[in-house]
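This report refers to the structure that appears directly beneath it.
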Amino acid sequence: MASLVLTLGASALAPSLGLGAFGNALLGTAAAIGGAYIDSLLFSGGKDTTYEGTSLDSLKVTSSTEGNAINRAYGRARLGGEIIWATDLEEVVQTETQSSGGKGGGAKTTTKTYVYYANFAVGICEGPGVYLNRIWADGNELDMSEFDFRFYTGTETQDPDSLIESIEGSGKAPAYRGLSYIVFERLELTDFGNRVPQLTFEIIRPSPARELEKAIRGVNLIPGSTEFGYEPDVMRKQATSTSGTVTSETYENMHQKQGVSDWQVSLDQMTNALPNIKSVCLVVSWFFDDLRCGQCQIKPKVEIRGKTTSPYSWAVAGLTRDTADLITQLTNEDGSEYAAYGGAPSDKSVINAIKDLKARGYEVMLYPFIMGDIPADNGLADPYGGDDQSVFPWRGRITCHPAAGQVDTVDQTSTAGDQVEAFLGTADASDFSVSGETVTYSGPNEWRYRRFILHMASLAEAAGGVTSFCIGSELVGLTTVRNTSTSYPFVDGLKDLAGEVRSIAGASTKIGYAADWSEYHSQ
């Protein structure tokens, strides 16, 4: 109050004194300082003051109820639990002191607050084979990356928890074998009203029989079109100012609250649900832009421009986000645009994914895959006689133009052979070099099928090799094209391409082609 009165008085008096702008400012400052000193004397009596927050009367933690049953669950379930071990709450006093100013520093105001931490274990359900997916506290989902905890799956061989053993003594801590449980270490209770919150857990546990799950030996890993979905580490999308300063970050490949990438969570869940998986087929997509094989280009594309990512930027086959083609953009009802597909996987993410799969003990098949990025009203001549080419078509529709069965078809002519050769292109294994995790291409400036396949083979080499490699799939519109009545140029091209891949991948890699059923049925 005194600060306000003296400051207003100084403002009223200053014009009559003729002190000028600088003198007026000094007078105002002196008034404010003097007022603050008077306030401290009036309201504190010139004495130091201490304010103390609320502390708990008891630091005891309620434990489990003796005789309660242990949960047994299969599939996906949300369960509560029982506190099976706990220490007394840890109380930490935080002190903050402020001076009111004035002669000798003035009166001091000290504020004491109390922060409480809990160490405790919660038994969840019978093990083994339990996967912890999510945690809720008082009904709100926790970001699991922000808390220090250890989770035990309930095996008959699990060891005692390190915290429990350090407090109870070596050899005196139970391992709770056969019980799935979680141990929280120094859980801060401020956000939970200084008490241990009501916890529930989403767990995934396969049934004991699970005959189907045990019979599965291999999986296809999709979507194939995902710029960073295959990256094992967490990627961040950055917003920057005009000066280039990072102003905010969001996660690019983490859409759950476990603190790791979606890739890691997905594979952990797969490992838990399908214990006998031996091989993983990694699908990696580029995009074709025409059903006429002679005009068709196959390129890596991006889903959006102007996106800055960390710790690395998207790059595929020498292209960056600025130099790669943009995937067809579609329009929402509100007028906003979105990409028809996810972007091609970044080269680095493919290499990292292969390495991670191998580190987990899986055999890896690299499966290059082409997807049709042809929009509506494309105006492209249709080899099958339509007004336009079909929208976002299946790769099996790529063929000669006009296609077999159409008027004036080029099938069974040398023109068909020329078109197939154009589709394959002239890239050679010697055009690719691998240095560390970098693949360099020095061949002709073309985006054709051979360049796509040989680039993928080079990525496999950069990752230390793969168990098997697929040079194509379901290209029935090409494998049935003839340049004479009995000669199939694309089939011959695949055979030659397999040899080129062999020179990159090595003798131990299995190389094959995934045929559509119509390519061998009734032919």
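If you're matching positions, the sequence shown starts at 761 in our numbering and goes up one per residue.
Beta carbons are placed, not taken as given, at the ideal position from N, Cα and C, and that holds for glycine.
Please read all numbers here as calculations on a predicted model, not as lab measurements.
| Item | Value |
| --- | --- |
| Limits of the unbroken alpha helix (DSSP H) element including Q1018 | Segment: none, Q1018 is in no alpha helix (DSSP H) and carries neither H nor E. |
| Whole-angstrom distance between T1244 and S1174, CA atom to CA atom | 7 Å |
| Under 8 Å between C-beta atoms of P1287 and I1134 | Any question about residue 1287 goes unanswered here, given that the chain covers just 761 to 1283. |
| K872 - containing beta strand (DSSP E), residue span | 868-886 |
| Local Cβ density within 10 Å of A1267, reported as buried at 16 or more and exposed below that | exposed |
| Cβ distance (whole Å) where H1215 is taken to contact V1236 below 8 Å | The Cβ separation is near 24 Å, so there is no contact. |
| For Y877 and A796, the rounded distance between their alpha carbons | Any reading at A796 must be qualified, since the residue scores a pLDDT of 47, below 50, and its modelled position is unreliable; the value itself is stated next. Roughly 39 Å between the two C-alpha positions. |
| Whole-number beta carbon distance between D1049 and C1041, since they are thought to touch under 8 Å | That belief does not hold up - the Cβ atoms of C1041 and D1049 are roughly 25 Å apart, past 8 Å. |
| Given 8 Å, three or more beta-carbon pairs between the stretch 1213-1232 and the stretch 1109-1129 | yes |
| CA nearest to the CA of E1063, picked from T1239, E987, Y1127, R955 | E987 |
| Per-residue DSSP class, three states only, for R832 | coil |
| Through-space distance from C1053 to N1138, alpha-carbon basis | 16 Å |
| Reduced DSSP category for Q1166 - H, G, I as helix; E, B as strand; rest coil | coil |
| Contact test: V1110 Cβ vs the ligand ADP heavy atom, cutoff 7 Å | The ligand ADP is not part of this structure, which contains no ligands at all. |
| Cβ neighbours of F911 in the same chain (closer than 6 Å, five flanking residues each side left out) | L892, I942 |
| For N831 and L839, believed in contact at Cβ under 8 Å, the rounded distance | 5 Å |
| Limits of the unbroken beta strand (DSSP E) element including Y1127 | 1123-1132 |
| Presumed contact (8 Å Cβ cut-off) between L959 and G887, rounded CB distance | No, L959 and G887 are not in contact; Cβ-Cβ is about 18 Å, not under 8 Å. |
| F1047 versus P1060: straight-line alpha-carbon distance, rounded | 6 Å |
| Strand pairing of A1075, partner residues [DSSP] | T1080 |
| Selection from S1008, V852, N980, A867 that minimises the alpha carbon distance to F732 | In the structure as shown, the chain starts at 761 and stops at 1283, and residue 732 therefore has no counterpart that could be examined. |
| The stretch 891-906 in contact with the stretch 958-977 per 3-pair CB rule at 8 Å | yes |
| Supposed close pair Y1273, I1231 - CB separation, criterion 8 Å | 6 Å |
| Meets three-Cβ-pair contact criterion under 8 Å: the stretch 1067-1084 and the stretch 1099-1108 | yes |
| Assigned secondary structure, W1207 (DSSP; H/G/I helix, E/B strand, else coil) | coil |
| Exposure label - N1205; buried when at least 16 CB within 10 Å | exposed |
| Residues of its chain near D1142, where Cβ-Cβ distance is below 8 Å and the 5 sequence neighbours each way are ignored | L1051, D1148, Q1149, S1150 |
| Those runs of the beta strand (DSSP E) which lie wholly inside the stretch 1136-1201 and span at least 3 residues | 1192-1195, 1198-1201 |
| Rounded separation between G835 and E826 - CA only | 27 Å |
| Any alpha helix (DSSP H) of 4 or more consecutive residues that is wholly inside the stretch 1200-1269 | 1209-1222, 1236-1239, 1249-1265 |
| Three-way DSSP call (helix, strand, coil) for F907 in this model | coil |
| For I1037, the three-state DSSP class (helix, strand or coil) | coil |
| Close beta carbons around E948, own chain, < 8 Å, minus the five adjacent residues each side | V875, Y876, Y877 |
| Start-to-end residues for the alpha helix (DSSP H) that takes in S1070 | Looking at the DSSP string, S1070 is not in any alpha helix (DSSP H); the run it does join, the beta strand (DSSP E), is 1068-1070. |
| Neighbourhood of Q1089 by C-beta distance below 8 Å, restricted to the same chain and skipping five residues each side | E1097, Y1098, A1099, A1100 |
| Closer than 8 Å to chain D by CB, T960 | Looking at the structure shown, chain D is missing, and only one protein chain is on hand. |
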